[in-house]
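Worksheet for the structure shown next.
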Amino acid sequence: MENGRIVGIGGANVDFHAQSRAPLILRDSNPGFARITAGGVTRNILENLARMGDRVSLISAVGDDLFGSFILSESREAGIDMDAVLRCPGHSSSCYAAIMDERGDMFLGMSDMRILEQLTDEIILERMSRFNDVDCVVTDPNLPESTLDWLLGGALGDMPLFVDPVSTTYARKLRGRVGHLYCLKPNLLELGAVVGREIGGKTDMERAVEELLSQGCHSVAVSLGRDGCYYADRDGVRLYRSLPPVEFMVDATGAGDAFMAGMVHGYHRRRDAEGCLELGLAAGRICVSSEGTVSRNMSDKALKEQWEVLHESIS
């Protein structure tokens, strides 16, 4: 259903990003660069997808405050349908703060996602019923425990469900709940949090992925940062893909969101597993090579260009 829509169910935040101009000095004031953007893992994935040319809609909750208005206006401008977002008077919108080192790598992040407690099962179902052309759903474990239980327990039937663990803290909420997932995209630390142990190396990683597949998860794509990724699914596909060096990494924030968006975009356009993986890596390269959690350079054209770079490196 290439002309269908992709629905996201999860966080939509105001993001505060600060990057140091020099090596960080703890417990001291550091000179740096700062910016404020619309964010949230699920919202970011949808923005990437919108910039790739896909039709996307978000089910989330924002406060009836200045930040809520900012999230709505910035997201709509980026191409996300926000009509199914719940506006909550008397509640503060979600916020996320990130501190980056001088290389653009994450040093510390902190989030306040309490408003998502207002996003009940009934509200999600009512919002979902507005769409009759949904191809797949993207979500994250920022949702309340009970809502996550309901959603990951098969509430949407056979709808393909893509999940980004977000962080090790939130990834723990996915433990024992992956049986109805179509695709899980953890990094190594998040993979360890999902299976309940530290991942000791390549063999241990592959074993952990097999555990998740045996629990019913259709596919797992493990992000390995600069080393690329590992993919495995219940159809027997097992793939490693390396990532060609990025000449100049501007900002690593959001690379995981872009990677997931590339994977979903590939699924939506009916690519095979290898094609989805390569689109994920291509999207990640675009993200880290430009400023912002979601690159303004993201587009279907840019994705194809990066895909060609990946193929040149393989050949």
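If you're matching positions, the sequence shown starts at 728 in the numbering used here and goes up one per residue. Glycine included, every Cβ here is placed at the ideal spot set by N, Cα and C. Keep in mind that this is a model prediction, so the values were computed, not measured.
- Its chain contains Ile772, Asp891 and Lys912 as the residues whose beta carbon lies nearer than 6 Å to that of Met987, once the 5 sequence neighbours on both sides are disregarded; these appear in chain order.
- For Arg854, the enclosing alpha helix (DSSP H) begins and ends at Asp848 to Met855.
- Under DSSP, Arg748 shares a beta bridge with no residue.
- Between Gly1019 and Asp862, the gap from beta carbon to beta carbon reaches 7 Å or more.
- In its chain, beyond the 5 residues on either side, Ile1013 and Cys1014 have a beta carbon closer than 6 Å to the beta carbon of Ser1022.
- Beta-bridge analysis with DSSP links Ile826 to Ala745 and Leu835.
- Less than 7 Å divides the Cβ of Ile733 from the Cβ of Leu776.
- When the Cα atoms are used, Ala761 and Ile926 turn out to be separated by approximately 34 Å.
- According to DSSP, Tyr967 shares a beta bridge with Tyr957.
- Judged by their CB atoms, Val865 and Thr769 are nearer to each other than the 7 Å cut-off.
- Taking a C-beta distance under 7 Å as the contact criterion, Val905 and Cys956 do not qualify as a contact pair.
- By the Cβ neighbour-count rule, Ile752 is exposed, with fewer than 16 other Cβ atoms within 10 Å of its own.
- The C-beta of Asp742 has 16 or more other C-beta atoms within 10 Å across all chains shown, which makes the residue buried.
- Counting the other CB atoms within 10 Å of its CB gives Met827 a total of 16 or more, which places it among the buried residues.
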